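**Q** Chains as they are written, first to last, in our numbering: chain V, 1 to 443; chain R, 1001 to 1385. I'd like to ask some things about the structure below.
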Amino acid sequence: MNIAVPPMEDKKANKLKSTRIAGKLVNDYWEMVWRAKEEGKLICWYEGSAINPFLEAADICWVHGEAYSAMLAARHQEETAQRVAEERGYMRELCSYARTHLGCAVSNQRLRGDNSGATPDDDDLTWKLPAPDMIISAYAYCSTGQQWDEMTSRVFGKKVPIFNVSLPWIWASKPDAGYLRGHEWHETSDYVARQLYDMVKFIEEQTGKPYPWDRLRAMMADIKRASELRLEAMDLCTAQPAPASFFDWVVSIAPINNLPVAGVKDYFETVLAEVKQRVASGEGAVPDEKYRLFFDGIMNWNKVGWLANKFARYDAAVVAGRYTHMAFWQEPDLIDPKNPVLGMAQNYLICPNNHAAPILIELIMGLCRKFQVDGMVIHASRTCRAFTNPQFMIAEAAQRQLGIPSSMFEGDVTDESFYKDELLNSRVEAMLEAIESRRMAVA
Amino acid sequence: MERQEIMRRFAEAAGNPLSYARAWKERTGRKVIGSFPMNFPGELAHAAGALPMILQETDDPITAGHGVLFPFYCGFTRSMVDQAMRGEFDVLDAIMFGDHCVQLLGAADGIRMHLTKTRVIFFQLISSMCDPWTQGRSEESFAKLRAELEDFIGEAVADDAMHASIRLFNRNRALIRKLYDMRKKGTAPLGAIEMQHVVKSSMIMDKAEHTDLLQQLVAQFEGAKATPNRAVRLHLSGHFCQAPKPELLEMIEECGVVVVGDDLYHGFRYISTDVPEEGPPVSALARWYMDRNTGVPCPTRVQNNVDWDAYLLDAIRDERADGMIVLMAKFCEPHMYYYPEVKEAFEKAGVPHLLIETEHEGMALESLKTRVETFVEIVKRREAA
Ligand code: SF4
Ligand code: SF4
Chain V
1 MNIAVPPMED KKANKLKSTR IAGKLVNDYW EMVWRAKEEG KLICWYEGSA INPFLEAADI
61 CWVHGEAYSA MLAARHQEET AQRVAEERGY MRELCSYART HLGCAVSNQR LRGDNSGATP
121 DDDDLTWKLP APDMIISAYA YCSTGQQWDE MTSRVFGKKV PIFNVSLPWI WASKPDAGYL
181 RGHEWHETSD YVARQLYDMV KFIEEQTGKP YPWDRLRAMM ADIKRASELR LEAMDLCTAQ
241 PAPASFFDWV VSIAPINNLP VAGVKDYFET VLAEVKQRVA SGEGAVPDEK YRLFFDGIMN
301 WNKVGWLANK FARYDAAVVA GRYTHMAFWQ EPDLIDPKNP VLGMAQNYLI CPNNHAAPIL
361 IELIMGLCRK FQVDGMVIHA SRTCRAFTNP QFMIAEAAQR QLGIPSSMFE GDVTDESFYK
421 DELLNSRVEA MLEAIESRRM AVA
Chain R
1001 MERQEIMRRF AEAAGNPLSY ARAWKERTGR KVIGSFPMNF PGELAHAAGA LPMILQETDD
1061 PITAGHGVLF PFYCGFTRSM VDQAMRGEFD VLDAIMFGDH CVQLLGAADG IRMHLTKTRV
1121 IFFQLISSMC DPWTQGRSEE SFAKLRAELE DFIGEAVADD AMHASIRLFN RNRALIRKLY
1181 DMRKKGTAPL GAIEMQHVVK SSMIMDKAEH TDLLQQLVAQ FEGAKATPNR AVRLHLSGHF
1241 CQAPKPELLE MIEECGVVVV GDDLYHGFRY ISTDVPEEGP PVSALARWYM DRNTGVPCPT
1301 RVQNNVDWDA YLLDAIRDER ADGMIVLMAK FCEPHMYYYP EVKEAFEKAG VPHLLIETEH
1361 EGMALESLKT RVETFVEIVK RREAA
């Protein structure tokens, strides 16, 4: 069989219906953010780790930087922010999440800050992001994240109080080291938990009120449950055909990562019900599942739906990914709702990059086996080097340990100009051909 | 020893660090410990009887390293991985590092994966510099490094030995700072390449040997009169982990420039700060780590209460420089983040600066030269006005 013929144009991804709810929840969240100043709420900017329950419990409006950049890119409205950032001197090679978000910060300063004068356009989401009253930086692994926060504070003239949580990288070189175990893991978890308690003191200073621990505990009970539901639904995708794809789980990141806690459990209950029903009826995430793939790398936010359809046309179900399956309250068992801080710290330490390559690779190989994938697509995101760091080693391990081929394509988180379609096509086709010949050899 | 001979020895070590290490190892039979920049306390490894050396980017084109890191990484990290893959690091008994620029982490992971026989030790330094726990956490990190080192060497490192190493390293830094001062005043007319050789060789050579040569060098300039120089006085800024290429520095000077100061890592940044000589050595190292960032702020750290841009403007005033050339290694994210701050501050203060992006391979020196010449003309005209 020759895969390299142009794929069927009319085939589309069979997206989960329930993920449409995520779209609405996301819109409601941003509407809430845009109204927050008028409602007299304090606003905190943060990126990286999901510290939002700490803020939501204290009635602080939480604004997640990556989420804003991703939302702009998903709506194809990222260009203005990126241009404004570039005008201030932020170069194109900088993390495009940060660049887009810093562009929003610069616009905000120009149009609403001390030097106001210009009239903002109400439809332009670049300036519309409300300025922060505080910044909390808690970025695992990637030094870029911490510097991005520092620069945000400088764009606002260093007038906004900033709190830094340091999340060490798990290097895991000692004999007792491993995933969620060993002295280093426990020492690091305690160190981060201590800082989170200090962060709570910082929050108290900002709100002038004692911290409502009970609310945090209730929220973490909900998040724990939501996380379990999400993982259960993802696990059901070991079924063939897979009832949902990596792209459905990408759409479900916002609910687990940064939306108001109240709606999150319901959302994943609905998703799980749909997934179960699909498994029962044998309905797949792509119309004709012939290949099962693993996706390594961060998302191309300008391209989510587009990529989902592209793989569907190749009859390839992308069943799991590092971004979706190794992050976002990934270890609910670690969370004790009665005493949630340590478990929260530990979940922050488990971002899809924060373990050194040997552990990461072991986890990824485990997922590939579990979901019985035939190949791996690797998105080399030009400006997110946190994700690209181990990718050659991951590809090598997939080949050596599992005998599966991989294909790399260049793209980016939110800067479309780095994406090269022809390259993706030819590489995916070559990989599918390799999968076919492997199958023939086995048969 | 003659100045030329001293400079030749410095240049030789700077140009071929791993050969120096091999010869040293043969001579002494002791261990060589390579480290990544920029905050590794060589004093500790020295006190343990090893030769600490900061690993250097080479000029070699990247070959084997292509299979580990993407081409959109800074030249330093790509060169590190490439050297490791080509077996160049065989002379090293261990590699140690404590900094966590995201690209450096990629290089470290790649190197550990491929150099299975070399011990790669990581002790993470906190990069948030003004938290109430920064000193405490830094002490914990340096203590961890000390323990790892002791485990690796197989014996304890005594406080006394550490104090002696600290004193020696301080002496070495003080001598280089003296040269900087003399260059500023014009009594030590050292070119940019010579200055780089002085500092870079200090990152590589046996500290006692280097200090001895430095002492002789400084003595030769002592009491000298300032030589008048009509060239445009410039400050060189930037370049963290890697030394700017000598041909680039040469080209800049050929355009009628005299470099009177810098904050390059292979320059003043490396020797700016001493380690306190009293008290527990691990606390002293932590103090040094923090003082260093207030002394010469580093874009790889975050510290809301110090400003690199303000530091640079002060340095320029002090050096009586007429402007600044920023050397930015391509893909260096920490630098890209801070550059707009520097640019804005310099524009506001009316101090001219020129940004040059440098590359590991294939830098178009001719067209860069035209830009530097134009910049020098602008600076001159501004001075004349
Ligand atoms: S480079 Fe990647 S991991 Fe780092 S801040 Fe940007 S998006 Fe986050
Ligand atoms: S600080 Fe810059 S030069 Fe150093 S490793 Fe990071 S990116 Fe490379």
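Heads up, the beta-carbon is just placed ideally off N, CA and C, and yes, glycines get one too. Fair warning: this is a prediction, and the values are worked out from it, not measured in the lab.
Nearest-angstrom Cα distance between Trp344 (chain V) and Ala193 (chain V)?
**A** With the sequence shown as reference, residue 344 (chain V) is identified as Met, and Trp is not the correct amino acid for it. Distance between the alpha carbons of Met344 (chain V) and Ala193 (chain V): 8 Å.
**Q** His1100 (chain R) CB to nearest chain V CB: under 8 Å?
**A** Yes, because at least one Cβ of chain V sits closer than 8 Å to the Cβ of His1100 (chain R).
**Q** Since Met1113 (chain R) meets chain V, which of its residues come closer than 7 Å, beta carbon to beta carbon?
**A** Per Cβ cutoff of 7 Å: Ala357 and Met393.
**Q** Does the separation of the CB atoms of Tyr1311 (chain R) and Val1326 (chain R) fall below 8 Å?
**A** Not closer than 8 Å, so no.
**Q** State the start and end residues of the unbroken alpha helix (DSSP H) segment that holds Trp249 (chain V).
**A** Its alpha helix (DSSP H) spans residues Phe246 to Val251.
**Q** Please list, in chain order, the chain V residues whose beta carbon lies closer than 7 Å to that of Ser1237 (chain R).
**A** The contacting residues do not exist; Ser1237 (chain R) stays about 15 Å from chain V at best.
**Q** Would you say the beta carbon of Thr1300 (chain R) is closer than 7 Å to some non-hydrogen atom of ligand 2?
**A** Because some heavy atom of ligand 2 lies under 7 Å away, the Cβ of Thr1300 (chain R) counts as near it: yes.
**Q** If we ignore side chains and look at the alpha-carbon of each, how far apart do Gly1049 (chain R) and Pro1041 (chain R) end up?
**A** Near 14 Å, if we compare the C-alpha coordinates of Pro1041 (chain R) and Gly1049 (chain R).
**Q** Do His101 (chain V) and Tyr68 (chain V) count as a contact pair if the criterion is CB distance below 8 Å?
**A** Their beta carbons are under 8 Å apart, which means Tyr68 (chain V) touches His101 (chain V) by this criterion.
**Q** I want to see whether chain V comes within less than 8 Å of Asn1039 (chain R), judged by CB atoms only; does it?
**A** No, its Cβ sits nowhere closer than 8 Å to a Cβ of chain V.
**Q** Measure the C-alpha to C-alpha separation of Gly117 (chain V) and Val106 (chain V) and round it to an integer number of angstroms.
**A** Reliability of the predicted coordinates at Gly117 (chain V) is poor, the pLDDT of 49 falling under 50, and the value obtained from them is presented with this limitation in mind. C-alpha separation (whole angstroms): 14 Å.
**Q** For Glu1341 (chain R), go through chain V and note every residue whose CB falls closer than 8 Å to its CB, in chain order.
**A** Near Glu1341 (chain R) (Cβ distances below 8 Å), the residues of chain V are Met151 and Arg154.
**Q** If we cut at 8 Å on Cβ distances, does Ser1367 (chain R) have a partner in chain V?
**A** It does not: the Cβ of Ser1367 (chain R) has no partner Cβ on chain V nearer than 8 Å.
**Q** Using a beta-carbon distance below 8 Å, is Lys158 (chain V) in contact with chain R?
**A** Interface residue, yes.
**Q** Would you kindly check if the distance between the Cβ of Val1157 (chain R) and the Cβ of Asp956 (chain R) is under 8 Å?
**A** Here chain R covers residues 1001 to 1385 and nothing more, so residue 956 (chain R) does not appear.
**Q** The alpha helix (DSSP H) spanning Val84 (chain V) covers which residue range?
**A** Taken as a continuous stretch (DSSP letters only), the alpha helix (DSSP H) holding Val84 (chain V) covers Glu79 to Arg88.
**Q** Let me check you understand the geometry: is the CB of His325 (chain V) closer than 7 Å to at least one non-hydrogen atom of ligand 2?
**A** It does not: the Cβ of His325 (chain V) is nowhere closer than 7 Å to a heavy atom of ligand 2.
**Q** Measure the Cβ-Cβ separation of Phe1221 (chain R) and Ala1188 (chain R) and say whether it is below 8 Å.
**A** Taking 8 Å as the Cβ cut-off, Phe1221 (chain R) and Ala1188 (chain R) qualify as a contacting pair.
**Q** Does any heavy atom of ligand 1 sit closer than 7 Å to the C-beta of Thr144 (chain V)?
**A** Yes, Cβ of Thr144 (chain V) sits closer than 7 Å to a heavy atom of ligand 1.
**Q** Roughly how many angstroms lie between the CA atoms of Ser18 (chain V) and Lys276 (chain V), to the nearest whole one?
**A** Approximately 12 Å, taken between the alpha carbons.
**Q** Is Thr1358 (chain R) helix, strand or coil when you go by DSSP?
**A** Three-state result, Thr1358 (chain R): strand.
**Q** So what's Met1053 (chain R) in DSSP terms, helix, strand or just coil?
**A** Note: Met1053 (chain R) maps to strand in three-state DSSP.
**Q** Quick check: is the beta carbon of Ala280 (chain V) nearer than 8 Å to any beta carbon in chain R?
**A** False, the Cβ-Cβ gap to chain R never drops below 8 Å.
**Q** Please go through the same chain and pick out, in chain order, the residues whose beta-carbon is closer than 6 Å to the beta-carbon of Lys265 (chain V), but skip the five residues on each side of it.
**A** Excluding positions up to five away in sequence, the list reads Asp222, Arg225 and Ala226.
**Q** How would the residue list near ligand 2 read, in chain order, if you kept each one whose beta-carbon is closer than 7 Å to any heavy atom?
**A** Cβ-based neighbours of ligand 2 within the cut-off: R:Pro1037, R:Cys1074, R:Phe1076, R:Thr1077, R:Cys1101, R:Gln1103, R:Leu1104, R:Phe1240, R:Cys1241, R:Gln1242, R:Thr1300, R:Ala1329, R:Phe1331, R:Cys1332, R:Glu1333, R:Pro1334 and R:His1335.
**Q** List the residues of chain V whose Cβ lies closer than 8 Å to the Cβ of Gly1136 (chain R), in chain order.
**A** Those do not exist, as Gly1136 (chain R) stays about 10 Å from chain V at its closest Cβ, beyond 8 Å.
**Q** With DSSP as the reference, label Ile335 (chain V) as helix, strand or coil.
**A** If DSSP states are grouped into helix, strand and coil, Ile335 (chain V) belongs with coil.
**Q** Could you tell me if the beta carbon of Tyr29 (chain V) falls within a distance shorter than 7 Å of some heavy atom in ligand 1?
**A** Not so, every heavy atom of ligand 1 lies at least 7 Å from the Cβ.
**Q** Residues of chain R with CB closer than 8 Å to the CB of Ile350 (chain V), please, in chain order.
**A** Neighbours of Ile350 (chain V) on chain R: none; closest Cβ ~16 Å, over 8 Å.
**Q** Any Cβ of chain R within less than 8 Å of the Cβ of Asn309 (chain V)?
**A** With 8 Å as the cut-off, Asn309 (chain V) does not count as an interface residue toward chain R.
**Q** Could you compute how far the alpha carbon of Ala1307 (chain R) sits from the alpha carbon of Asp1314 (chain R)?
**A** Residue identity differs from the one stated: residue 1307 (chain R) is Asp in this sequence, not Ala. Rounded to whole angstroms, Asp1307 (chain R) to Asp1314 (chain R) spans 11 Å at the Cα level.
**Q** Ligand 4 heavy atoms versus the CB of Trp171 (chain V): any closer than 7 Å?
**A** This structure lacks ligand 4; its bound ligands are ligand 1 and ligand 2.
**Q** Measuring only between beta-carbons, confirm whether Thr100 (chain V) sits less than 8 Å from chain R.
**A** No - not a single Cβ of chain R is within 8 Å of the one on Thr100 (chain V).
**Q** Rounded to the nearest angstrom, what separates Glu331 (chain V) and Asn302 (chain V) at their Cα positions?
**A** The straight-line gap from Cα to Cα measures roughly 29 Å.
**Q** Can Ser245 (chain V) and Ala317 (chain V) be called in contact, C-beta distance under 8 Å?
**A** Yes, these two residues count as a Cβ contact at 8 Å.
**Q** Listing by chain order, which chain V residues have their CB less than 7 Å from the CB of Ile1126 (chain R)?
**A** Per Cβ cutoff of 7 Å: Ser166.
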